[in-house]
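Student: Each step along the sequence shown adds one to the number in the UniProt record's numbering, with nothing skipped, and position 21 is 21.
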Amino acid sequence: MSNLYVRDGVSSVQPPLSQAVGYVVVVVVVVIGVIIALVMMLITKVLKKTTGEDNKKTEMFMTANRTVRTGLTASAVISSWLWSTALLGSSFVGYDYGVAGPFWFLVCCWLQSDDRVLRVTRYLL
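1) What are the boundary residues of the alpha helix (DSSP H) that A20 is part of?
2) Note down the Cα distance separating D54 from I32, rounded to an integer number of angstroms.
3) How many angstroms separate the CA atom of L47 from the CA atom of A100?
4) How many Å lie between M1 and I43 at the Cα?
5) Considering only DSSP beta bridges, list what V93 is partnered with.
6) Does M1 come out as helix, strand or coil in the three-state DSSP assignment?
7) Taking Cβ positions, are S84 and F105 nearer each other than 8 Å?
As structure tokens, then:
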């Protein structure tokens with residue numbers, strides 16, 4: 001743990017890492033972000049050359065040239081609504097039941113989404 005020092009009647013805790021380590025972490029995160037941005041720019045150029053995708057048009061950028069169907073759009077909306085509920089639910093179960101709680105929460109979520117399990121449960125219900 002950290003050492004507790006008393007100075008002028010007020011206790012203070014020494015930080016576990018130095019300030020230089022904090023700066024190194026920030027620089028590494030920024031460098032990783034720049035690398036990801038450059039890779040995405042490269043992928044965009046490759047897609048433009050190979051498939052003819054031009055993201056400069058608003059319709060292509062926003063709606064994928066209207067090739068996205070209703071099922072994909074509905075699944076994107078549902079997953080964006082449900083991820084926060086699942087995160088809060090697993091945190092709640094973890095608080096109540098410890099480390100095993102989120103594991104069994106994950107197992108139940110997996111069982112609901114696995115196609116093989118869904119096919120078997122159709123015959124059982």
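Backbone N, C-alpha and C fix where the C-beta goes; we use that ideal spot for every residue, glycine too.
Tutor: Taking the structure as given:
1) Residue 20 sits at position 20 when you count from the first residue of the sequence shown. Note, A20: alpha helix (DSSP H), Q19 to T51.
2) Along the sequence shown, read from residue 1 onward, the residue named residue 54 stands at position 54. Along the sequence shown, read from residue 1 onward, the residue named residue 32 stands at position 32. Approximately 26 Å between the Cα atoms of the pair.
3) The sequence position of residue 47 within the sequence shown is 47, counting from 1. The sequence position of residue 100 within the sequence shown is 100, counting from 1. Computed Cα separation, rounded: 44 Å.
4) Stepping through the sequence shown from its first residue, residue 1 is reached at position 1. Stepping through the sequence shown from its first residue, residue 43 is reached at position 43. Any reading at M1 must be qualified, since the residue scores a pLDDT of 48, below 50, and its modelled position is unreliable; no value is offered.
5) Along the sequence shown, read from residue 1 onward, the residue named residue 93 stands at position 93. V93 pairs with nothing; no bridge assigned.
6) If you number the sequence shown from 1, residue 1 lands on position 1. Residue placement at M1 is poorly supported in this model, since its pLDDT is 48, which falls under 50; the coordinates still yield a value, given next. M1 falls in the coil class under three-state DSSP.
7) Numbered from 1 along the sequence shown, position 84 holds the residue referred to as residue 84. Numbered from 1 along the sequence shown, position 105 holds the residue referred to as residue 105. The answer is no: Cβ separation not under 8 Å.
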